[in-house]
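As structure tokens, then:
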């Protein structure tokens, strides 16, 4: 007889791993025990050599579907003559390194029971098992046991306890196990708090069908829901939520309902129906029949499928509801009941609430398929807090992220824990959510940062927070962080040509960068080229009013004669336009920017597509939509051979203006502008590659959410034999910034 001690790390708590080990040991005739500890799972097994060998092989090969094994270490122990195998009570430890599973969609077995009239959990909105259900959003601490979750106050009834104790049952040691007798419950109230009697799910279906807006408490927070086919309801939701134009996401009751309205590739279907169930951006099809206000003027629709039991109880197979975050614009998603009632009372007519507390908020993730792979625009529910693997270990780092689309990152050894999407740090509610989440992550993953990384922009709240902390600090340039994030995802540490295109990032020269060509690794960078600086007339106003940028370009090209140009844009200029550009010429409230995003804003305004925006990036988004499906020849541009080199698009703006005056179509010119930026980018990269010998290019920054531009650039770079690295685990926008900050700080701390 032999005895082994086996320690397993990774995502092995809350995923049915102990029941799996129990049954595996019994199958091979082994004695011993298994328990959760603060590092993962510890096992002791005793038996004959053949049984032990088979057990260790199956441990790795047959793990539960939600388990992710990181390490398995085996040590010999003296045999004790133990006769049975048991699950022991969990143990704490001085150092807590267990990983926490993300929240995942209801499994097929639970779905079947949910809709089976003969099952005791028929229509029970909190059905779950070891293969599915809430995890991260209900966990207060590790090890993952019921007492450490928001299910602690719900005492299992005898039937649930029997399942929990039965090694042969799917709910053996399923921590959120519950039923209608002993578990959480939903209730429906109106905005005054008056309870609505009867079946709450049927009542909500009727309310939505009648055009009402309902706030629905789910897994990671509240959604605001209404009938996506009702223009009146959707428009009312827009007005109340203060969301003028930005598209809403929808939830379809079935895959068939998605197919009726959107084109769907096999890769998109796989992403849509997977365990995480993110919002997936899909192309609308000829059968699209939803209200125009859902995604106005946009050929794409953000779609998700049901992922929590309550969704199957609310939506029929043919239903499509708007399902948007429960907040007003620029605020974090509501998840606390009292806060939700206060903040959403002016938006929702009714509230569908339950009495299981949400411990951590988690907004829906957003992704699309690019070149056959998921490309994240927001990484949150379903993925967080699963860590990203780093290629080599580093000191513990807290990376504080940026200002917009904020996430933060904590590292421990070779793991990077990215936070859920927090949002724009522009108000105290979001900032409070941010600092609270950092404290929770530090406790949950037992990370004591040795260093804090932050963005160089002195006015970012994340920067001010970082500077207020006691640890040593490392400032990281914004665009270097973007490129390092791509490298970290691919486990690369060598120098690459980094193309970082976004709207704004603070540069060491005091200007606003955003059209950057870097030679960079995960430690240092050299700025070898950038887009020509352009003043932002009126400062931040120029970002929200792109007409100011277009007016400056025309003034720079034609002087006061710009007022006589025969193009529609000129006829829409406000009377004060000359004062605005003259002030910019004198440097009054006109910071210099090399931002590639500002180029797209200027082009959109010049072409009459969008002169004022209602959400971040709107002008650039609509410029891309105008160019959709068209091919074009690049317009002129100029590269000035300096150190750093300068990429000048003023010749392209001149050509746009002249062709517009001659009657060229806006769509053709939008396509030509995209082709120009793509060709100029590839031209510049080619020059840098020839000068340095570097053959790998990393693309990052919010501008690379523009898939038209991205596809063109990647295609041409690959034609030149260059290796192109794209994001695959974090967003290209500032939602991925913290990962780059973390690895740079880690490398500089070696």
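In our numbering, the protein residues as written are 2 to 751.
C-beta atoms are modelled at their ideal positions from N, C-alpha and C, and glycine is treated no differently.
- Bounds of any beta strand (DSSP E) do not take in residue 465; it lies within the alpha helix (DSSP H) bounded by 462-469.
- In the three-state reduction of the DSSP assignment, residue 418 falls in the strand class.
- Secondary structure at residue 580: helix, using DSSP grouped into helix, strand and coil.
- Remark: three or more beta-carbon pairs, one from each stretch, lie closer than 8 Å, so the region 385-392 and the region 726-746 are flagged as touching.
- Listed as beta-bridge partners of residue 700 by DSSP are 500.
- Rounded to the nearest angstrom, the Cβ distance from residue 529 to residue 689 is 6 Å, consistent with a contact under 8 Å.
- Taken through DSSP and simplified to helix, strand or coil, residue 404 comes out as coil.
- Unbroken alpha helix (DSSP H) runs of no fewer than 4 residues, entirely contained in the region 42-106, are found at 50-62, following chain order.
- Secondary structure at residue 594: strand, using DSSP grouped into helix, strand and coil.
- Taking the Cβ atoms as the reference, residue 46 lies roughly 13 Å from residue 89, outside the contact range of under 8 Å.
- Residues of the same chain with a CB within less than 7 Å of the CB of residue 431, apart from the 5 flanking positions on each side, are 332, 333, 423, 424, 425 in chain order.
- Judged by DSSP in its simplified three-state form, residue 343 adopts helix.
- Taken in chain order, the complete beta strand (DSSP E) segments of 3 residues or longer contained in the region 628-661 are 639-641, 646-649.
- Around the beta carbon of residue 641, a 10 Å sphere encloses fewer than 16 other beta carbons of the protein chains shown; the residue is thus reported as exposed.
- In this structure, residue 377 sits away from residue 418, with a CB-CB distance that is not shorter than 9 Å.
- Linking residue 538 to residue 707 through their CA atoms gives a straight-line distance of about 25 Å.
- In this model, residue 294 and residue 236 are separated by some 6 Å (Cα to Cα).
- Three or more beta-carbon pairs drawn from the region 299-308 and the region 248-256 are found closer than 8 Å, and the two stretches are therefore classed as touching.
- With respect to the C-alpha of residue 738, the residue from 703, 74, 714, 709 having the closest C-alpha is 703.
- Distances from the alpha-carbon of residue 300 to those of 272, 247, 600 put 247 closest.
- The region 367-374 and the region 278-285 touch, with three or more beta-carbon pairs separated by less than 8 Å.
- In the DSSP assignment, residue 326 falls within the unbroken beta strand (DSSP E) covering 321-326.
- For residue 165, the enclosing alpha helix (DSSP H) starts and ends at 159-166.
- Residue pairing by DSSP places residue 352 opposite 190, 216 in a beta bridge.
- By the C-beta density criterion, residue 428 is exposed, having fewer than 16 other C-beta atoms within 10 angstroms.
- With contacts defined by Cβ atoms closer than 9 Å, residue 547 and residue 602 form a contacting pair.
- Beta-bridge annotation (DSSP): residue 133 is paired with 130.
- Spatial neighbours of residue 342 in its own chain (CB-CB distance under 7 Å, excluding positions within 5 residues in sequence) are listed in chain order as 352.
- Taking a cut-off of 8 Å for Cβ pairs, the region 541-561 and the region 665-677 do not touch, as fewer than three such pairs fall below it.
- For the options 513, 141, 71, 581, the alpha carbon positioned closest to that of residue 8 is the one of 71.
- Inter-residue distance for residue 410 and residue 355 is about 31 Å (C-alpha atoms, whole angstroms).
- Contiguous alpha helix (DSSP H) elements confined to the region 223-278 occur at 232-242, 256-260, 267-274, taking only those with 4 or more residues.
- For residue 37, no alpha helix (DSSP H) encloses it; the enclosing beta strand (DSSP E) starts and ends at 32-38.
- Contact between residue 682 and residue 500 is confirmed by a C-beta separation of about 6 Å, below the 8 Å threshold.
- Exclusion of the five residues before and after residue 373 leaves 268 as the residues of its chain whose Cβ lies within less than 7 Å of its Cβ.
- In the three-state reduction of the DSSP assignment, residue 518 falls in the strand class, which pools E and B.
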